[in-house]
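Asks: Structure provided below as structure tokens; questions to follow.
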Amino acid sequence: MNWKSKMITATLTATMLMGSLTTGALTAPVSAAAVQNSKLEVIWGVNMRTSASSSASVVRMVPKGEQITVLGQSGSSWYKVQDANKRTGYISSSSKYTKAVSGSANTSTSGSNSSNTNQAAVEKVIAAGMKYWGTPYEFGASRNSTATFDCSSFIRQAFIDALGIKLPADSRQQGDYVKGKGAVQTNWKNLKRGDLMYFMSYKGTKSSSYAGVNKSTARITHTGIYLGDGKVLHTYSNAGGGVTISDIAGKHWEYRFLFGGSAL
């Protein structure tokens, strides 16, 4: 049995035992509203196409330096956009082609544009992470390889691919980095899509297993990206499917949660 067959078998086993995977998780749709009206700058010439497919007709090639408006997102690989001449089409959402535009020339809407720009960055990070779906887990995985990941190297690579941001190498340092960015949440239900989550060591599947733990001083042992709707994108074992999506509520992930917040 090759490693791909083993991975499929392990994923199905983990699904039956832990309930961590769902059909919705496998497709992991991205909310179009999350990136609507944000601005992107083209950093590598990219084709604008008539539909969200690499085989669709090309409307035009958008050159480096041009700014475009995101009208929505199609799946995890395409943005629906509009150029300065009001032409619309679809471009790849790969971080190779665009970057979020910071600030705005329109001061009356700068707060709204800043929020939209930040959300566009969040969606790029999530899309970058999703492309590694099923990548095998390896404790202490190399930070210079994408063949395998541990939890923190996966998070780090998603930010590098999406935004060129190099987070610290391990989960504890990444947690300190997030705390340094501002307020963090200790109730996972208050997190926003794209926030990073930090967890303590596994002690069991029941809430009672974590009773009496001082979570303010507990050691971080795991991290993931909160997707919203009670789901986390992460990697923790090959039995769990490598890079995968897990439900939080009522699972040990909920009981192990320490804090979370934005790295942006």
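Counting in my numbering, the sequence shown runs from 2 upward without gaps. Even glycine gets a Cβ: it sits at the ideal position worked out from N, Cα and C. Model, not experiment: these values are computed from the prediction.
(1) Under 8 angstroms: do the stretch 151-164 and the stretch 133-143 share three or more Cβ pairs, one atom per stretch?
(2) May I ask you to list the residues that DSSP assigns as paired with Trp79?
(3) At 4 residues or longer, what runs of the alpha helix (DSSP H) sit wholly inside the stretch 124-152?
(4) Do Val59 and Val71 have their CB atoms nearer than 8 angstroms?
(5) Looking only at its own chain, which residues have a Cβ that is under 6 angstroms from the Cβ of Ala53, when we skip the five neighbours before and after it?
(6) For the alpha helix (DSSP H) that contains Gly176, what are its first and last residues?
(7) Which of helix, strand or coil does DSSP assign to Gln255?
(8) For Tyr199 and Phe260, which I take to be in contact (beta-carbon distance under 8 angstroms), what is that distance rounded to the nearest angstrom?
(9) Going by C-alpha distance, which of Ser172, Leu41, Tyr133 is nearest Pro64?
(10) Decide if the stretch 185-197 is in contact with the stretch 239-246; the criterion is three or more beta carbon pairs, one per stretch, under 8 angstroms apart.
(11) Go through the stretch 197-255 residue by residue and report every complete run of the beta strand (DSSP E) that reaches 3 residues or more, in order.
(12) Going by other Cβ atoms of all chains shown within 10 Å of its Cβ, with 16 needed for buried, is Gln174 buried or exposed?
Replies: Per the coordinate set shown:
(1) yes
(2) Mapped onto the sequence shown, residue 79 falls at position 78. Its beta-bridge partners are Ser75, Ser93.
(3) none
(4) Looking up residue 59 in the sequence shown gives position 58. Looking up residue 71 in the sequence shown gives position 70. For Val59 and Val71, no; Cβs fall outside 8 angstroms.
(5) Residue 53 sits at position 52 when you count from the first residue of the sequence shown. Cβ neighbours of Ala53 beyond the five flanking positions: Ser75, Trp79, Tyr91.
(6) Residue numbering aside, residue 176 sits at position 175 when the sequence shown is read from its first letter. Run containing Gly176: 172-182, per the alpha helix (DSSP H) assignment.
(7) By one-based count along the sequence shown, residue 255 stands at place 254. This sequence places Glu at residue 255; Gln is not what is there. In the structure shown, Glu255 sits in a helix (DSSP, three-state: H, G or I).
(8) Along the sequence shown, one-based indexing puts residue 199 at 198. Along the sequence shown, one-based indexing puts residue 260 at 259. The Cβ separation is near 6 angstroms, so the contact holds.
(9) Numbered from 1 along the sequence shown, position 63 holds the residue referred to as residue 64. Checking every option, the nearest Cα to that of Pro64 belongs to Leu41.
(10) no
(11) 197-200, 223-229, 232-236, 244-248
(12) In the sequence shown, the residue the question calls residue 174 occupies position 173. Residue burial annotation: Gln174 is exposed, with fewer than 16 other C-beta atoms found within 10 angstroms of its C-beta.
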